[in-house]
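Here's the structure, in C-alpha cells; my notes come after.
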Amino acid sequence: MFARNENRRLWIARLGAIAWIFGTIQFFVVHIIVQWDWTIPYNWSFNNISDLGNIYCQAWGDNQRYVCSPLHGYMNISFILEGVAVIIGVILLGFLWHGIFGSWTARILLLIAGIGWIIVGREPADVNENLHVLGALFIMVLGNVGLILTKPVRVPSYARNIRIFSLAIGVIGLVATGLFFTGHYLGLGMGGMERIAALTMQMWTFTVG
Numbered sequence: 003m004f005a006r007n008e009n010r011r012l013w014i015a016r017l018g019a020i021a022w023i024f025g026t027i028q029f030f031v032v033h034i035i036v037q038w039d040w041t042i043p044y045n046w047s048f049n050n051i052s053d054l055g056n057i058y059c060q061a062w063g064d065n066q067r068y069v070c071s072p073l074h075g076y077m078n079i080s081f082i083l084e085g086v087a088v089i090i091g092v093i094l095l096g097f098l099w100h101g102i103f104g105s106w107t108a109r110i111l112l113l114i115a116g117i118g119w120i121i122v123g124r125e126p127a128d129v130n131e132n133l134h135v136l137g138a139l140f141i142m143v144l145g146n147v148g149l150i151l152t153k154p155v156r157v158p159s160y161a162r163n164i165r166i167f168s169l170a171i172g173v174i175g176l177v178a179t180g181l182f183f184t185g186h187y188l189g190l191g192m193g194g195m196e197r198i199a200a201l202t203m204q205m206w207t208f209t210v211g
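Count along the sequence shown from 1, add 2, and you get the number used in the numbering used here.
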C-alpha cells in the first residue's frame, strides 16, 4: 500500500512538473511567433511583453511607441495558459513543500501569481489597463516574494540547491521589479528590465520542474 501511494505521488509530481515546463515552453514559442508577425520590428529592450497582447494598433505608453500585434489573440491565450500551468504545478507538487508557514505562504503567493497571468491574458493593457497592471503586480511582486519564501523539497538532496536558487532568483526579480516601476532600467531598456522582473518565475518553474 505504501509503495502504491508513493508511485501515485510520483506520477502526480511528474504531471505538475510537466505543467510547469509546458507553460514556460509554450510561452516563449508563442512569444517568438507573435513578435515575428509585427510589421515594425518588436524589440525586447524597447517593448513591453504586454505589447504583444495589445488589441489595437496605436501609439502606446509613456514613450508613445507604435504597437501593432496582429496575432495578439495567441499571445493572450499563452498568458492564460501560463497562469493555468503555474496553478496546476503548485497544486500537484504541493505535497513536496515542507508544511511550515513560510512554505504555505509561498504556495499561496505563487498561486496568486498564476492568477495574475490569467488576468494579464484576459485583460489586455489597451483594453483594461488597471486590471492588466494589477495582474502584472501579482506576477512581479507576489510571485517573486513567493520564490524568496519557497522552502521545498522533502527530498533532502535537492532541498538546499532549490532553496538557494529560489532565494537568489526571487531577490533578483524583486529588485528588478522595483527598478522597473521606478524607471531605472540600467541600460537594459524598459522591456529588458520588465523581463527580469516578470520572467523569473518561468525560469524557476522550468528549472525546478
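Virtual Cβ for every residue (Gly too), placed ideally from N, Cα, C.
N- and C-terminal bounds of the beta strand (DSSP E) containing residue i
i, result
"glutamine 60", "60-62"
"tyrosine 68", "67-69"
Three-state class that DSSP yields for residue i in the structure shown
i, result
"valine 143", "helix"
"tyrosine 76", "helix"
"glycine 185", "coil"
"tryptophan 13", "helix"
"asparagine 163", "helix"
"isoleucine 20", "helix"
"leucine 190", "coil"
"threonine 41", "coil"
"isoleucine 198", "helix"
"isoleucine 57", "coil"
"threonine 179", "helix"
"threonine 26", "helix"
"serine 47", "coil"
Cutoff 7 angstroms; reference residue i; Cβ partners in own chain excluding five residues on either side
i, result
"tryptophan 206", "Leu149, Ser168 and Ile171"
"glutamine 28", "Ser80 and Leu83"
"isoleucine 114", "Phe140 and Leu144"
"tyrosine 58", "Asp128"
"valine 173", "Ile150"
"arginine 11", "Phe97"
Boundaries (first-last residue) of the alpha helix (DSSP H) holding residue i
i, result
"tryptophan 206", "202-210"
Sequence-distant residues of the same chain with beta carbon closer than 6 angstroms to residue i, five excluded per side
i, result
"glycine 123", "Asn78, Phe81 and Ile82"
"valine 147", "Leu111"
"glutamate 125", "Leu133 and His134"
"isoleucine 198", "Ala178"
"cysteine 70", "Cys59"
Same chain, Cβ closer than 8 angstroms to residue i, neighbours up to 5 away in sequence not counted
i, result
"leucine 139", "Gly118"
"isoleucine 35", "Leu73 and Tyr76"
"glycine 91", "Gly18, Ala19, Ala21, Trp22, Gly25, Thr207 and Gly211"
Min CB distance residue i to chain D below 7 angstroms
i, result
"arginine 109", "Among the chains of the structure shown, chain D does not appear; only one protein chain is present."
- request: Taking only runs that begin and end inside the stretch 88-132, name each unbroken beta strand (DSSP E) of 3 or more residues, in chain order.
  value: Correct list: empty.
- prompt: Touch check for the stretch 58-75 and the stretch 16-24: three-plus C-beta pairs under 8 angstroms?
  reply: no
- request: Please confirm if the stretch 190-199 is in contact with the stretch 36-47, defined as three or more CB-CB distances below 8 angstroms between the two stretches.
  value: Contact between the stretch 190-199 and the stretch 36-47 is present: three or more C-beta pairs spanning the two stretches fall below 8 angstroms.
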